[in-house]
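Following: one structure in structure tokens, then a few remarks.
There are 2 protein chains.
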Amino acid sequence: MRKRDQLLDKALELFHAEGFHATGIDRIIAAAGVAKMTLYKHFRSKDELILAVLRRYDEKFRNYLMQQVELRTHEPSQQLIALFDVLDDWLDQDGFYGCLMINACAEFSNKQMPAHVVASEHKRLLLLYIQEIAEAAKASDPPVLAQQLGLLMDGAIVAAQVCGQRRAARITHEIAQLLIHQSRSHPSEQVLEPTQSSGSDMPWPD
Amino acid sequence: MRKRDQLLDKALELFHAEGFHATGIDRIIAAAGVAKMTLYKHFRSKDELILAVLRRYDEKFRNYLMQQVELRTHEPSQQLIALFDVLDDWLDQDGFYGCLMINACAEFSNKQMPAHVVASEHKRLLLLYIQEIAEAAKASDPPVLAQQLGLLMDGAIVAAQVCGQRRAARITHEIAQLLIHQSRSHPSEQVLEPTQSSGSDMPWPD
DNA sequence: TTAATAGTATACAGATCTGTATACTTTATA
DNA sequence: TATAAAGTATACAGATCTGTATACTATTAA
Numbered sequence: 011m012r013k014r015d016q017l018l019d020k021a022l023e024l025f026h027a028e029g030f031h032a033t034g035i036d037r038i039i040a041a042a043g044v045a046k047m048t049l050y051k052h053f054r055s056k057d058e059l060i061l062a063v064l065r066r067y068d069e070k071f072r073n074y075l076m077q078q079v080e081l082r083t084h085e086p087s088q089q090l091i092a093l094f095d096v097l098d099d100w101l102d103q104d105g106f107y108g109c110l111m112i113n114a115c116a117e118f119s120n121k122q123m124p125a126h127v128v129a130s131e132h133k134r135l136l137l138l139y140i141q142e143i144a145e146a147a148k149a150s151d152p153p154v155l156a157q158q159l160g161l162l163m164d165g166a167i168v169a170a171q172v173c174g175q176r177r178a179a180r181i182t183h184e185i186a187q188l189l190i191h192q193s194r195s196h197p198s199e200q201v202l203e204p205t206q207s208s209g210s211d212m213p214w215p216d
Numbered sequence: 011m012r013k014r015d016q017l018l019d020k021a022l023e024l025f026h027a028e029g030f031h032a033t034g035i036d037r038i039i040a041a042a043g044v045a046k047m048t049l050y051k052h053f054r055s056k057d058e059l060i061l062a063v064l065r066r067y068d069e070k071f072r073n074y075l076m077q078q079v080e081l082r083t084h085e086p087s088q089q090l091i092a093l094f095d096v097l098d099d100w101l102d103q104d105g106f107y108g109c110l111m112i113n114a115c116a117e118f119s120n121k122q123m124p125a126h127v128v129a130s131e132h133k134r135l136l137l138l139y140i141q142e143i144a145e146a147a148k149a150s151d152p153p154v155l156a157q158q159l160g161l162l163m164d165g166a167i168v169a170a171q172v173c174g175q176r177r178a179a180r181i182t183h184e185i186a187q188l189l190i191h192q193s194r195s196h197p198s199e200q201v202l203e204p205t206q207s208s209g210s211d212m213p214w215p216d
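Sequence order for the protein chains is E and P. Counting the first sequence from 1 gives a position; our numbering is that position plus 10. Counting the second sequence from 1 gives a position; our numbering is that position plus 10.
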């Protein structure tokens, strides 16, 4: 099973750096130093390899995040902040190609595609993890705070990927502090009226 | 030049819904009802078609956003909020496939690739637009507020695309109000210490 | 009306891509 | 050492993809 791991590692690297459709089977087996037949003995098809890669990424990423957070502090409300310090380290790496799951959803856009389902589940588990910390930190509304913080993280990831803003997490760090502070001081949030919708006057045509 | 527009429209639609690499030339000309040679008389290559599509999207999207904002209110600080109401309408559409520019960066990950450059420029122009509103709204630090709000928008886009959270913009609506209020009441922001970095103990290996 | 321009239809070259067939070799295990 | 499992090398089928060649037909404008 060593060859299988080599394949998954190299496939992850290539899919992440160059995309799923743009990366051919031949590139992967060459990088992994493995025969083509070996790949097809471990995985029925490229699609199945992609799914296995995504599951591996999910596992690696969440473990990395949890371990890094735990390594910095054990105080829940501080852990919420630590999320953004870990994010800061990640976005600042040289070969940063965004979140593989977000990238997967760009290429497998139909929500029923297996890759999209795995990506969606990945984000759900991440939010669940953040929510657990928020509960431990006695936030007033842990699910909402988790969604807010998760959204900030994705925003920073995109800013770093698209605009090369390696320090995008710093921006979110401040906002996160504000939200966490607010969530611990105010038991309920106020909802304000949105400006009126324009209806069908100017539909975004796409 | 009518055929050229048909090509661009259909290419935009297909690239957005199915991805750039996954969409072949033949699919595009069939959808546009145009001969293959016509495509290659208007565009040197598929890559050039992609660039033209991205530029068209940039133009369409920013015009749409500006017109929608202007249509809702003329008061600058209210316009900052209106950004998120427009976003809310957009994310709630049935055929929502994320931001084409973010998707392009997922497939053309190298920052020097022309498509990536166009996408980066698109986000820069968006931030500039938000910054101008922030200035008119007398925000304490318009560039920072613009970055914060832009980041929120991208976060909501990703949440809607990956997790199908059609109402993700509602989450950002609240945060935006908080940030705008803070930016108008506090002339300078306080910077807090980040938790210490772990250095090379646990590098995210990708 | 004539001449230039824009578009069409078809076929095809050449590359690349996924996946398979087959016969062989290495490695691990009992 | 004998046997099963894992891996290799090569060739290839068949599909698909980008881009071109060529000869034809509308359309438009002088």
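Even for Gly, the Cβ is constructed at its ideal location relative to N, Cα and C.
Would you verify that the beta carbon of ARG14/P is, or is not, closer than 8 Å to some beta carbon of chain E? no
CB contact flag (PHE71/E, ALA62/E, <8 Å): no
My assumption, with CB atoms under 8 Å, is that MET76/E sits in contact with TYR139/E. Please give the rounded CB distance. 7 Å
Need the endpoints of the alpha helix (DSSP H) that HIS26/E sits in, please. 12-28
Less than 8 Å between the beta carbons of LEU110/E and TYR50/E, yes or no? no
Which full runs of the alpha helix (DSSP H) of 4+ residues lie inside the stretch 150-185 of chain E, going along the chain? 152-173
Quick check on the burial criterion: 16 or more other C-beta atoms within 10 angstroms. Buried or exposed for HIS191/P? exposed
Stretch pair the stretch 134-151 of chain P + the stretch 173-184 of chain P: three plus CB contacts closer than 8 Å: no
Residue closest to CYS173/E, alpha-carbon to alpha-carbon, out of LEU101/P, MET123/P, ALA149/P: MET123/P
Closest to ILE60/P by CA distance: which of PHE118/P, PRO153/P, LYS148/P, GLY165/P is it? PHE118/P
Rounded to whole angstroms, what's the CA-CA distance from GLU131/P to SER87/E? Just pull it up for me. 37 Å
Excluding the five sequence neighbours on either side, which residues of its own chain have a C-beta within less than 6 Å of the C-beta of LYS13/E, listed in chain order? VAL44, THR48
Shorter than 8 Å from the beta carbon of ALA149/E to some beta carbon of chain P? no
Taking the alpha helix (DSSP H) that GLU131/P belongs to, which residues open and close that run? 124-146
ASN113/P in three-state terms, based on DSSP: helix
Distance, GLN158/P Cα to VAL127/E Cα: 29 Å
Identify whether PHE106/E lies in helix, strand or coil by the three-state DSSP scheme. coil
Which chain P residues are close to MET47/E, counting only those with a beta carbon under 7 Å from its beta carbon? Within chain P, no residue comes near MET47/E; the closest Cβ sits about 26 Å away, beyond 7 Å.
With a cut-off of 8 Å on the beta carbons, I'd call ASP164/P and GLY29/E a contact; round off their distance for me. The pair is not a contact, with the Cβ atoms about 20 Å apart (cut-off 8 Å).
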